[in-house]
Amino acid sequence: MVEPAFGPYLFDTSAFSWLERSTDPAVRHWLATYLRRHPMHVSAITVMERIRGYALLLQRAAPGQRAHFALKRQAYLNSLGKVWPVDATAAVVAAELSALLPQPPSPPKRAHRMVEVRQERLFRWRCDILIAATALAAEIPLIHHNPQDFETIRMAIETSPGRFPSLGPLNLVSVLRLTGM
Amino acid sequence: MSPKRRTTLTLPVEALSEAERIARARKVNLSVVIAEVIEEGLRARSAAKAEGERRVQAFEAYCRAVSDLTEDEMLLLNGIIMEPADE
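Here the protein sequences come in this chain order: A and B. Per my numbering, the first sequence starts with residue 211, numbered consecutively. Per my numbering, the second sequence starts with residue 1123, numbered consecutively.
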């Protein structure tokens, strides 16, 4: 179990997405306890990813559905707490990581007869790198639901400490461990 | 002004010394400074509690807002853009 009081934590896009859909009472209780003590900390990159998602939904929506999605978008913005910018330290860390790990560790997602567009997979990977770099620069644990990508980043930081002087380790917490599931 | 009541407090030496210094500088009684600090602390605590509740309500409202999205819409929302696979 992750103690809510020991926050703040930075919530990755995948963790945010998992939390917003979870109906588990223990998870809802953990989150409410956390939010009573700390704002929801996210990277500006997570905000960009999510607002881009809404922009795409709005573009594809029938005219009668647009107001419906616009309300959800506004509810998202209302739920934001502390948004961390990509500062100079985070940018340098992200640049080093991008050079060390140019390709994503996992393949594009597949579902039924569909596959994720390859350049979109690369875009998501670079967003993950920027989010991890933000957590590392801010020295706060990163809560995620994407172990394959973030463990790869954590290992790269651990095995190349010379590239990340006086930073690290990257403290990762799986969203599945929040309530000790 | 609310009614006052006499009491005895045991305070950390450093905090008490600082409160005495402020009282001397402002030419007021030590009780005035201590009362102001307590009231400010209580107000801040109450405001933090209200802000915490606002955050919970805002997140719950958002969870309700996205609860009716389809899996395909959630993929798009999460930046996962799909195309037909080449078989």
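All residues carry an ideal CB built from backbone N, CA and C; glycine is no exception.
* Alpha carbon to alpha carbon, how far is A/H322 from A/F333? -> Rounded to whole angstroms, A/H322 to A/F333 spans 22 Å at the Cα level.
* beta strand (DSSP E) segment containing A/H251, residue limits -> First-last of the beta strand (DSSP E) with A/H251: 251 to 253.
* Asked: Is it true that the CB of B/A1207 sits closer than 9 Å to the CB of A/A320?
  -> The amino acid occupying residue 320 of chain A in the given sequence is Arg; Ala does not appear at that position. In this structure, B/A1207 lies closer than 9 Å to A/R320 by Cβ.
* **Neighbour list for B/L1198 in chain A, Cβ cutoff strictly below 8 Å** => Under a criterion of Cβ atoms nearer than 8 Å, the residues of chain A adjacent to B/L1198 are, in order, G263, L266, L267, R270.
* To do: Name the residue from A/M324, A/I353, A/P357 whose alpha carbon lies nearest to the alpha carbon of A/V252.
  => Put simply, of A/M324, A/I353, A/P357 the residue whose alpha carbon is nearest the alpha carbon of A/V252 is A/I353.
* Quick one, are the C-beta atoms of B/I1144 and B/V1135 less than 9 Å apart? -> Taking C-beta atoms as the reference points, B/I1144 and B/V1135 fail to come closer than 9 Å.
* Give the range of the alpha helix (DSSP H) segment to which B/I1160 is assigned. => It spans 1152 to 1188 - the alpha helix (DSSP H) in which B/I1160 sits, taken as one unbroken run.
* **Proximity below 9 Å, CB of A/T299 to CB of A/A347** => Between A/T299 and A/A347, the CB-CB gap stays under 9 Å.
* To do: Compare the C-alpha of A/V257 against each of A/A277, A/L245, A/Y244, A/Y286 and name the closest.
  => Between A/V257 and the set A/A277, A/L245, A/Y244, A/Y286, the nearest pair of CA atoms involves A/Y286.
* To do: Could you tell me which chain B residues have their CB closer than 8 Å to the CB of A/M250, listed as they occur along the chain?
  => By Cβ distance, chain B contributes R1177, F1181.
* Asked: In whole angstroms, what is the alpha-carbon distance linking B/Y1184 and A/R276?
  -> The straight-line gap from Cα to Cα measures roughly 17 Å.
* Limits of the alpha helix (DSSP H) - the one that A/I339 falls within -> Taken as a continuous stretch (DSSP letters only), the alpha helix (DSSP H) holding A/I339 covers 328 to 348.
* 8 Å Cβ shell around A/I341 - same chain, five flanking residues per side excluded -> Result list for A/I341: L220, D222, T223, S253, I255, T256, L352, in chain order.
* To do: Note down the Cα distance separating A/L307 from A/I363, rounded to an integer number of angstroms.
  => Going by the C-alpha atoms only, they are around 7 Å apart.
* Can you say whether A/E259 is buried or exposed, counting buried as having 16 or more other CB atoms within 10 angstroms of its CB? => With 16 or more Cβ atoms within 10 Å of its Cβ, A/E259 is classed as buried.
* Tell me, which residues are paired with A/H278 by DSSP? -> Looking at the DSSP assignment, A/H278 forms no beta bridge with any residue, so it has no partner.
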